[in-house]
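**Student:**
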Amino acid sequence: MKALTLEDLSREELLAWIKASRPWRIRQVDLLSVRHTTLCAKSEAALRKWLDACSAETRAFQAWLAHGEPRERNRLELIYLNLKDEAQKAERASKRADREQKACWAAMEAEWSRDRE
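According to UniProt numbering, the residues represented by the sequence shown are 1 to 117, in order.
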């Protein structure tokens with residue numbers, strides 16, 4: 001049998017190992033720290049998606065301004081409006097992810113203050 005790594009274990013196996021080996025050492029702040037790391041990555045991905053959507057929206061608007069033919073302008077306007085909607089959705093998702101990340105950080109700080117008391 002090959003040497004196992006943490007990536008080879010299933011979620012259930014990992015949880016069983018953690019509970020069996022270190023149940024008294026896992027604190028709430030440790031769990032919040034793991035969650036915060038995940039939320040940071042989620043927030044960064046949402047922000048990148050929002051910025052990409054804004055860039056696409058800007059390019060579509062510039063293309064719309066550059067064309068004078070009515071039929072082409074109508075087609076480009078529809079593309080622009082769809083991309084504008086996507087950018088707004090991405091903005092809301094990014095702000096929601098940022099709020100979740102900040103809430104988790106606040107919970108971590110509250111746990112740290114409780115530990116110091």
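Glycine included, every Cβ here is placed at the ideal spot set by N, Cα and C.
1. Going by the beta-carbon positions, is the gap between His36 and Trp105 smaller than 8 Å?
2. Using DSSP with H/G/I as helix, E/B as strand and the rest coil, what is Glu117?
3. Is it buried or exposed, Leu32, if we count other Cβ atoms within 10 angstroms and call 16 or more buried?
4. Check Met108 in the structure and name its three-state DSSP category.
5. Do three or more CB pairs link the region 15–24 to the region 47–62 at distances below 8 Å?
6. Could you check which residue in Ala87, Ala110 and His67 has the C-alpha nearest to that of Arg48?
**Tutor:** Reading it off the structure:
1. yes
2. coil
3. buried
4. helix
5. no
6. Ala87
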